[in-house]
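Participant:
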Ligand code: AMP
Ligand code: TRP
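Residue numbers (my numbering): 8 to 336.
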């Protein structure tokens with residue numbers, strides 16, 4: 008039997024090449040060999056204020072991005088999280104199993120708390136319990152994410168295990184799927200910082216997948232590197248060039264050493280030109296697909312079909328959970 012795989016992404020910010028390489032590409036590669044679910048995490052998005060009038064559009068834009076990246080609705084149940092209420096109900100029941108201390112120690116929570124000057128909404132604290140529910144609800148065993156989400160998958164395992172012990176086994180425990188390379192694509196201007204989809208639209212170090220390719224070329228040509236002029240992978244001492252090597256290797260589906268060998272005698276200018284060409288090729292193909300899907304009526308139908316299947320599975324699971332917990336159904 009195929010293992011179940013799930014992942015989600017928040018409809019906030021502007022999708023970047025880092026999101027594609029770190030999360031979606033892995034999902035796309037694995038979707039056929041798994042029982043696959045992917046959803047737009049609009050409830051997680053609401054843990055910070057979103058302008059209500061813009062949310063629908065953002066969700067549809069993101070859905071079209073996923074499909075253009077290769078998510079195949081024939082292989083994957085693709086849906087919007089808030090359409091399947093069971094996520095909230097299980098999220099609530101899971102929150103009861105969690106200690107305030109373990110949530111307040113989460114790296115992402117601490118970072119967001121610090122950024123907001125110390126006062127945070129409860130939604131940010133209980134963000135991981137909703138995420139745990141997203142995963143446990145489908146008995147997902149494989150969760151492809153970037154490395155910043157590792158801790159959230161770990162707490163999902165802990166919570167699932169705790170519930171299983173307390174009430175009798177009901178959840179399969181998930182593993183994250185984090186690729187060896189590409190799980191943390193860095194900002195081109197500051198290769199010590201993650202490329203982030205909440206960066207401002209004019210950020211020179213972030214490649215947004217809907218960027219004009221002329222702008223992307225400029226960004227790659229201006230990427231911060233070092234003075235060594237050797238195309239060698241060394242994350243510690245050459246983070247900028249290592250980041251470009253990873254981008255090229257993953258877009259071409261080759262290894263790091265393939266790239267090192269091919270560019271053994273090249274200088275940084277020549278290498279950047281090749282990376283810029285490869286990213287341009289990827290983006291032009293992606294953007295053409297995106298436009299077509301975004302304008303098509305199919306988009307809504309795909310999400311509705313995915314929602315139907317997801318709800319069926321989620322309802323059945325929630326009934327099991329309620330029965331085990333002794334709630335009358
Ligand atoms: P986010 O952009 O935080 O909503 O994340 C969506 C998914 O993309 C998560 O699985 C992240 O771990 C992944 N991701 C986000 N930024 C990057 C990046 N710079 N490199 C690799 N993966 C990323
Ligand atoms: N928190 C994830 C992110 O920011 C999005 C997400 C929500 C998710 N629920 C999930 C990812 C369940 C994987 C599985 O990227």
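Where is the CB? At the ideal position from N, CA and C, for every residue including glycine.
Assuming residue 150 is part of the beta strand (DSSP E), what are its boundary residues?
Facilitator: 149-151 is the span of the beta strand (DSSP E), which, as asked, contains residue 150.
Participant: Is any heavy atom in the ligand AMP found nearer than 7 Å to the beta carbon of residue 204?
Facilitator: Yes - the ligand AMP has a heavy atom lying nearer than 7 Å to the Cβ of residue 204.
Participant: Count the other C-beta atoms from every protein chain shown that fall within 10 angstroms of the C-beta of residue 249, then say buried if there are 16 or more, exposed otherwise.
Facilitator: So residue 249 counts as buried.
Participant: What is the DSSP secondary structure of residue 184, reduced to helix, strand or coil?
Facilitator: If DSSP states are grouped into helix, strand and coil, residue 184 belongs with the strands.
Participant: Assuming residue 33 and residue 184 are in contact, meaning their beta carbons sit under 8 Å apart, how far apart are those beta carbons, in whole angstroms?
Facilitator: That pair is a contact at about 6 Å.
Participant: So residue 238 and residue 273 are in contact, right, with Cβ under 8 Å, and what is the actual spacing, rounded?
Facilitator: The Cβ separation is near 6 Å, so the contact holds.
Participant: Per DSSP, which one or two residues make a beta bridge with residue 14?
Facilitator: DSSP lists 45 as partners of residue 14.
Participant: Provide the residue(s) that pair with residue 99 in DSSP beta bridges, ordered along the chain.
Facilitator: According to DSSP, which records beta bridges pairwise, residue 99 is partnered with nothing at all.
Participant: What residue does the beta strand (DSSP E) around residue 84 start on, and which one ends it?
Facilitator: Segment 83-87, the beta strand (DSSP E) holding residue 84.
Participant: Would you identify the three-state DSSP class for residue 193, choosing helix, strand or coil?
Facilitator: If DSSP states are grouped into helix, strand and coil, residue 193 belongs with the strands.
Participant: Compute the minimum distance between the beta carbon of residue 38 and the heavy atoms of the ligand AMP, and state whether it is under 7 Å.
Facilitator: Answer for residue 38: no, Cβ out of range of the ligand AMP.
Participant: Around the Cβ of residue 91, are there at least 16 other Cβ atoms within 10 angstroms (buried) or fewer (exposed)?
Facilitator: Classification of residue 91: buried, given that the 10 Å Cβ count is 16 or more.
Participant: How about residue 26 and residue 204: do their beta carbons lie closer than 8 Å?
Facilitator: Going by C-beta atoms, residue 26 is nearer than 8 Å to residue 204.
Participant: Which of the three DSSP states, helix, strand or coil, is assigned to residue 23?
Facilitator: Looking at residue 23 - three-state DSSP - the assignment turns out to be strand.
Participant: How many whole angstroms separate the CB atoms of residue 88 and residue 50, which I take to be in contact at a CB cut-off of 8 Å?
Facilitator: Between residue 50 and residue 88 the Cβ distance is about 5 Å, and since that is below 8 Å, they are a contact.
Participant: Report yes if the CB atom of residue 41 is closer than 8 Å to the CB atom of residue 12, and no otherwise.
Facilitator: Yes.
Participant: Just to confirm the assignment: which complete beta strand (DSSP E) runs, minimum length 3, are found wholly within the stretch 100-165?
Facilitator: Segments of the beta strand (DSSP E) lying fully in the stretch 100-165: 149-151.
Participant: Output needed for residue 162: all residues of its chain with C-beta closer than 6 Å, excluding positions within five of it in sequence on either side, in chain order.
Facilitator: Hits under 6 Å: 135.
Participant: Can you tell me where the alpha helix (DSSP H) holding residue 67 begins and where it ends?
Facilitator: Residues 59-75.
Participant: Contact check, residue 24 vs residue 286 under 8 Å by CB: the rounded distance?
Facilitator: Going by Cβ atoms, the distance from residue 24 to residue 286 rounds to 7 Å, so yes, they are a contact pair.
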